[in-house]
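Protein chains in written order, with our numbering: chain A, 1131 to 1429; chain B, 838 to 1063.
Presented below is the structure to which this report refers.
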Amino acid sequence: MKALAVRAHALREMARLFRRRPGSFLLAVVLAAAAFTVPLAGASIARSAAPLAQQLPIGPEINLFLAASAPTTDIRQLQSQLAARPGVAQVEWITREAALKALAQRTGSSGLGDLKANPLPDVLVVTLSAQTAPGEVEKTLAELRRLPRVESAVADTGWHRQLTAILRAATLAVALVGGLAAALLVLIVLASVQLQLTTSAEYVRVLRLVGADTRFMVRPFAYAGALTLALGMLAAAGLTWAGLAAVAPQAADLAQIYGATLSLQTLPPQWLAALLAAAAIVGGATAALGARWGLRRTR
Amino acid sequence: MTQAYPANAPLIELVRVRKDFGPARPVLREVSFAVERGQLVVLTGANGAGKSTVLQLIAGWLAPDEGRVAVAGEEPARLRGAALTALRRAIGIVPQELQLLSDRSVLENVMLPALAAGLSRKAARERAGAALQRVGLADGDAPPARFSAGAQQRAALARAIVNRPAVLLVDEPTAFLDAAAAADLLHLLAEFAQAGVAVLMASHGEPAPLPAAARRLRLSEGRISE
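The following block contains the structure:
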């Protein structure tokens, strides 16, 4: 009963805080919405594009060129051995006949058919898992070179290094944007609390006069912080939905040009609900800390 | 807190209290006095004599540089957290500036200490209504600005007594009141004292004849005299 009473009172005092400076409250919500929108839109796009990314062959490949004398049974055995190796995602066998046919189709050369013998070797294309580090690729390449029936081995590690570097940079950029957004949100809440404390100086003086404890004094400010970030998150979800709906047809058309399917969608409702709750908790906790600090400073 | 405290012991006790605001501003020098349950003590002195400082020391907002300040046997300056909060709730304070919040009704102002003590809104409203009746204000639905100076003083007094304190500190309550209103207020304070509250009132003069039971103390040059 007591817990309910003090919380109900805190909600009423929170409403008074907003009524004292409605413009400041709205500004804080708008700033919070702006800070939330960038990572929320990024997360929505990343989730929508995830199936597309899974279709891309992003694992490094090692081409094993086999000796012309290698019998078919040996090649099959080697293919099975390689497929069983840890870190190997897939092993594809391109027969010398298939390779010649593909070459002829690609070059449009009819002269290849006049060759007395097929000069191309059988090739085993070993695809390593996407998480393989560039150094690990080099090590595997050296090991595969030493296998029997393997005449030469080539790995295109340059693009894999580039891709790994790009992914690292992208991860760092996402972390930086997330960190900046988080810092901005904390600053918005803290600045908002300090302003509310300034406009509520008389109220705080009276609470001290009547023997209110710190928790009683802090609670309305904490609720205000929670509501500010929760409303900011709601507004950000709305903005993200509107933005994605506006660009979704163009993005789908662009993906179709490359033979892919892309449907831009906002995060699922249960994710948004979890983010809303997290925003409210972070807002409440930050505001409570800010208010405690402010009250200590003005004691 | 006050239940465990001996009934015949003074509720307010200052023993050889010294308080300076910097080396050039000594305010209190060896101030000693006590206020017992049921006593109305009027502390007089010129402006700047240190009357408000005495009240702030008792309320625990200031700490003495030397000596001992105790309320119901507890030293506010040594208390922290819940113990300090509990002690402050046992002290009703009417500051000189009244500090009634203008963004709510007088009734809601008076309800505030009860809500801070954890009472439900209904219980706080009932208690605030009773406190307002006790000080002679029947209707507290309007904001403080709509009330006269005397009524505002009474409203601040109602807020101070709503949690049924053992100690009542009143700072210059008659400063802006005419003689009749001042006399009424002093009569009211005497009634609280008769009900068992230790009442300490600070005033720069005597605007109205003091009740017969009131004890006078004079603060001059940092020292107390009867």
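Ideal placement from N, C-alpha and C gives every residue a C-beta, glycine not left out.
- Query: Mind pulling the chain B residues with CB within less than 8 Å of Leu1337/A?
  - Reply: Going along chain B in sequence order, the residues near Leu1337/A (Cβ under 8 Å) are Leu949, Ala953.
Worksheet item: Does any residue of chain A bring its CB to less than 9 Å from the CB of Arg915/B?
Response: Not an interface residue.
Any beta carbon of chain A sitting closer than 9 Å to that of Ile1091/B?
Look at the range of chain B in this structure, 838 to 1063, and you will see that residue 1091/B is not part of it.
Check your understanding: Taking 8 Å as the cut-off, does the CB of Ile1411/A come closer than this to any heavy atom belonging to the ligand ZN?
Key -> This structure simply doesn't include the ligand ZN, nor any ligand for that matter.
>> Let me make sure I understand the geometry here. Which of Ala1234/A, Glu1266/A, Lys1231/A has the alpha-carbon closest to that of Gly1217/A?
In response: The residue from Ala1234/A, Glu1266/A, Lys1231/A with its alpha-carbon nearest to that of Gly1217/A is Glu1266/A.
Original post:
List, in order along the chain, the chain B residues whose C-beta lies closer than 7 Å to that of Phe1346/A?
Top reply: Within 7 Å of the CB of Phe1346/A, the CB atoms of chain B belong to Ala953, in sequence order along the chain.
Pair within 9 Å by beta-carbon distance, Thr1262/A and Pro1190/A: Taking 9 Å as the cut-off, the beta carbon of Thr1262/A is found closer than this to the beta carbon of Pro1190/A.
Let me know if Thr1328/A comes out buried or exposed under the rule of 16 or more other beta-carbons within 10 Å of its beta-carbon. Counting Cβ neighbours within 10 Å, Thr1328/A comes out exposed, since fewer than 16 surround it.
Indicate whether Gln936/B and Val1348/A have their beta-carbon atoms separated by less than 9 Å. Against a cut-off of 9 Å, the Cβ pair of Val1348/A and Gln936/B comes out as no contact.
Point to revise | Three-state class that DSSP yields for Val1021/B in the structure shown | key: For the record, residue 1021/B in the displayed sequence is Asp; it is not Val. DSSP places Asp1021/B in helix when its eight states are reduced to three.
Check the Cβ of Ser957/B against every Cβ in chain A and list those closer than 9 Å, keeping chain order.
-> Within chain A, the residues near Ser957/B are Met1131, Lys1132, Leu1134, Ala1135, Ala1138.
Inter-residue Cα distance where the pair is Thr1202/A and Ala1403/A: Roughly 58 Å between the two C-alpha positions.
*From Leu952/B to Leu1025/B, what does the alpha carbon distance come to, in whole angstroms?*
In a straight line, the C-alpha of Leu952/B is about 25 Å away from that of Leu1025/B.
Task: Candidates Ala1019/B, Pro1010/B, Pro1002/B, Ala1018/B, of which the one nearest Val1034/B by Cα - done: Closest in C-alpha terms to Val1034/B, from the list Ala1019/B, Pro1010/B, Pro1002/B, Ala1018/B, comes Pro1002/B.
- Item | Environment of Glu903/B [buried if 16+ CB atoms lie within 10 Å] | The residue in question, Glu903/B, is exposed, as its Cβ has fewer than 16 Cβ neighbours within 10 Å.
- request: Can you pull the chain E residues whose beta carbon is under 8 Å from the beta carbon of Gln936/B, in chain order?
  value: This model lacks chain E altogether, as its protein chains are A and B.
Expressed to the nearest angstrom, what Euclidean distance is found between the alpha-carbon atoms of Thr839/B and Gly897/B?
Confidence in Thr839/B is poor, its pLDDT being 44 and thus under 50, which makes the residue's placement too unreliable to answer from.
Q. Should Ala1474/A be flagged as near chain B, meaning a C-beta pair shorter than 9 Å?
A. In the structure as shown, chain A starts at 1131 and stops at 1429, and residue 1474/A therefore has no counterpart that could be examined.
Checklist entry - If you run the structure through DSSP and keep just helix, strand and coil, what is Thr881/B? => result Looking at Thr881/B - three-state DSSP - the assignment turns out to be strand.
* Given a limit of 7 Å on CB to CB distance, which residues of the stretch 1007 to 1022 of chain B reach chain A? -> Those residues of the stretch 1007 to 1022 of chain B that come within reach of chain A (Cβ to Cβ, closer than 7 Å) do not exist; the list is empty.
Can you check the stretch 851 to 897 of chain B for any alpha helix (DSSP H) of at least 4 residues that lies completely inside it and give the ranges in chain order? Counting only runs that start and end inside the stretch 851 to 897 of chain B, the alpha helix (DSSP H) elements of at least 4 residues fall at 888 to 896.
Using CA atoms only, rank isn't needed, just tell me which of Tyr1333/A, Leu1405/A, Ala1417/A is closest to Ala1367/A.
Distances from the alpha-carbon of Ala1367/A to those of Tyr1333/A, Leu1405/A, Ala1417/A put Leu1405/A closest.
Self-check item: Unbroken beta strand (DSSP E) run spanning Glu1058/B, endpoints
Solution: That residue, Glu1058/B, is in no beta strand (DSSP E); it is neither H nor E in DSSP.
- Answer with buried or exposed for Gly1355/A, where buried requires no fewer than 16 other C-beta atoms within 10 angstroms of its C-beta. Result: buried.
With a threshold of 16 other CB atoms inside 10 Å of the CB of Gln1400/A, please say whether the residue is buried or exposed.
So Gln1400/A ends up on the exposed side.
- Candidates Leu1037/B, Ile998/B, Ala965/B, of which the one nearest Gly977/B by Cα: Ranking Leu1037/B, Ile998/B, Ala965/B by Cα distance to Gly977/B puts Ala965/B first.
Start-to-end residues for the beta strand (DSSP E) that takes in Glu1281/A
Run containing Glu1281/A: 1280 to 1285, per the beta strand (DSSP E) assignment.
### Message
Is there a Cβ of chain A sitting closer than 9 Å to that of Ile895/B, yes or no?
### Response
Among the CB atoms of chain A, none fall inside 9 Å of the CB of Ile895/B.
So which residues of chain A does Pro932/B contact, with C-beta pairs closer than 8 Å?
-> Near Pro932/B (Cβ distances below 8 Å), the residues of chain A are Leu1339.
Does the beta carbon of Arg1149/A come closer than 9 Å to any beta carbon on chain B? Judged by the 9 Å Cβ criterion, Arg1149/A is in contact with chain B.
Exercise. Helix, strand or coil for Thr839/B per DSSP?
Worked result: Only weak support is given to the placement of Thr839/B: the predicted model assigns it a pLDDT of 44, under 50, and the value that follows is read from those uncertain coordinates. Under the three-state reduction of DSSP, Thr839/B is assigned to coil, being neither helix nor strand.
Review point. Once you ignore the five residues that flank Ala1421/A on each side, which residues in its own chain have a CB closer than 7 Å to its CB?
Key: Its chain contains Val1323, Leu1327, Val1348, Phe1351, Ala1352 as the residues whose beta carbon lies nearer than 7 Å to that of Ala1421/A, once the 5 sequence neighbours on both sides are disregarded; these appear in chain order.
Can you tell me whether Phe858/B is buried or exposed, with buried defined as 16 or more other CB within 10 angstroms of its CB? Counting the other Cβ atoms within 10 Å of the Cβ of Phe858/B gives fewer than 16, which makes it exposed.
Near Ala993/B, which residues of its chain fall below 7 Å by C-beta distance, leaving aside the five closest residues on each side in sequence?
Shown here for Ala993/B: same chain residues with a beta carbon closer than 7 Å to its own, the five before and five after excluded, namely Val931, Leu935, Leu937 in chain order.
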